[in-house]
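Engineer: Attaching a single structure in structure tokens format; questions to follow.
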């Protein structure tokens, strides 16, 4: 029974062994192809570097390094990025070259170390410190990237040129700060929230404007009516004063001796004078105040519609 199944078992083992060998062989062939392509890209990168086309050279070295992480390629990429002035990328490149050289026991590890340390000394450093008055939830962005909380107070190596810092805090306007960094700079920047948001007044509705306008005009009419009544009273008492004066002139002599009619007219005159003055005062003040309120009352909003759609027109009406 066992002997009968041995040939079949052997065939299964041989089949899977063949499949494994094919897979391993395919992987080796793929690696060889990647290595060939990486070598070709590296050669093109060297030619671009000699021609002074740093942008193209760096891209070619980066593509080559992705396909075949070789120490020489990492060194060339770091050199290329440093020449471009992209110090942050170059520093990463020198560090990658150190790691690859350590993993392969490459003697160029020391060179990569030296170049890394030399570049780090040349790079500008910026220390961002969050101000004590920054509220909770404050976030800081440098060149559009979030500055992590554990980076505050640490000296960070950066590229030369302008650095744009944006501070965002709840209840505050965004604050934008700019700092210029030159080679070898060591700068500290304290960042804090912008001005507090101003409270926004609620918009005045058309109904409230109409109500205010109606109230002002009603009061104007009332005061105007009182003023007109005062003027009318002043006119009437004025006529009565003239009539009393005429009676006094007719019934009193030059020595101010008067008969009974003259005495009565003189008494009426003394009573009418303050009334007349008061009526004139009420009339002038009432008419003046009513006119002022009428002219300064808020305009009434008028809503009109046209064929092209609904629209609102606000105009003053008097």
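In my numbering, the protein residues as written are 1039 to 1356. The beta-carbon is built from N, C-alpha and C at its ideal position, and this holds for glycine as well. These numbers were taken from a predicted model, which means no experiment stands behind them.
Work out the CA separation of residue 1163 and residue 1123 for me, nearest whole Å.
Structural biologist: Taking the straight line from one Cα to the other gives about 15 angstroms.
Engineer: CA-CA distance, residue 1160 and residue 1189?
Structural biologist: Between residue 1160 and residue 1189, the C-alpha separation is close to 21 angstroms.
Engineer: Determine the burial state of residue 1345: buried for a count of at least 16 other Cβ atoms within 10 Å of its Cβ, exposed for fewer.
Structural biologist: Its pLDDT being 43, under 50, residue 1345 is placed unreliably in this model, and the coordinates cannot settle the point.
Engineer: Could you tell me which residues DSSP puts in a beta bridge with residue 1195?
Structural biologist: According to DSSP, which records beta bridges pairwise, residue 1195 is partnered with 1163.
Engineer: From residue 1157 to residue 1220, what does the alpha carbon distance come to, in whole angstroms?
Structural biologist: Distance between the alpha carbons of residue 1157 and residue 1220 is about 13 angstroms.
Engineer: Using 8 angstroms for Cβ pairs, my map puts residue 1166 next to residue 1227. What's the rounded Cβ distance?
Structural biologist: Correct: roughly 5 angstroms between the Cβ atoms.
Engineer: So does the region 1171 to 1183 actually touch the region 1143 to 1150, counting three or more Cβ pairs closer than 8 angstroms?
Structural biologist: Short answer: they don't touch.
Engineer: Of all the options 1320, 1082, 1205, which has the alpha carbon lying nearest to the alpha carbon of residue 1169?
Structural biologist: Among 1320, 1082, 1205, the Cα nearest to that of residue 1169 belongs to 1205.
Engineer: What runs of the alpha helix (DSSP H), each 4 residues or longer, lie entirely inside the region 1064 to 1141?
Structural biologist: DSSP runs (the alpha helix (DSSP H)) wholly in the region 1064 to 1141: 1092 to 1105, 1109 to 1122.
Engineer: Residue 1106 to residue 1076, Cα distance in whole Å?
Structural biologist: Near 6 angstroms, if we compare the C-alpha coordinates of residue 1076 and residue 1106.
Engineer: How many angstroms separate the CA atom of residue 1114 from the CA atom of residue 1134?
Structural biologist: Cα-Cα distance, rounded: 11 angstroms.
Engineer: Using only the alpha-carbon positions, how far apart do residue 1290 and residue 1298 sit?
Structural biologist: Computed Cα separation, rounded: 10 angstroms.
Engineer: Under three-state DSSP, which class holds residue 1309?
Structural biologist: Helix.
Engineer: Residue range of the beta strand (DSSP E) that residue 1185 falls in?
Structural biologist: Premise fails: residue 1185 is in no beta strand (DSSP E) and is neither H nor E.
Engineer: Does DSSP put residue 1210 in a helix, a strand or coil?
Structural biologist: Reduced to three states, the DSSP call for residue 1210 is strand.
Engineer: Could you tell me the distance, in whole angstroms, from the CA atom of residue 1071 to the CA atom of residue 1199?
Structural biologist: Cα-Cα distance, rounded: 41 angstroms.
Engineer: Only counting the same chain, and skipping five residues up and downstream in sequence, which positions put a Cβ closer than 6 angstroms to that of residue 1414?
Structural biologist: Since the displayed the chain opens at 1039 and closes at 1356, residue 1414 lies outside it and no answer follows.
Engineer: Have a look at residue 1201 and residue 1333 and give me their C-alpha separation to the nearest angstrom.
Structural biologist: So the alpha carbons of these two residues sit roughly 58 angstroms apart.
Engineer: Thinking C-alpha only, which one of 1231, 1295, 1319 is nearest residue 1270?
Structural biologist: Comparing Cα-Cα distances from residue 1270 to each of 1231, 1295, 1319, the minimum goes to 1319.
Engineer: Please report the distance separating the alpha-carbon of residue 1074 from that of residue 1138.
Structural biologist: For residue 1074 and residue 1138, the distance between alpha carbons rounds to 19 angstroms.
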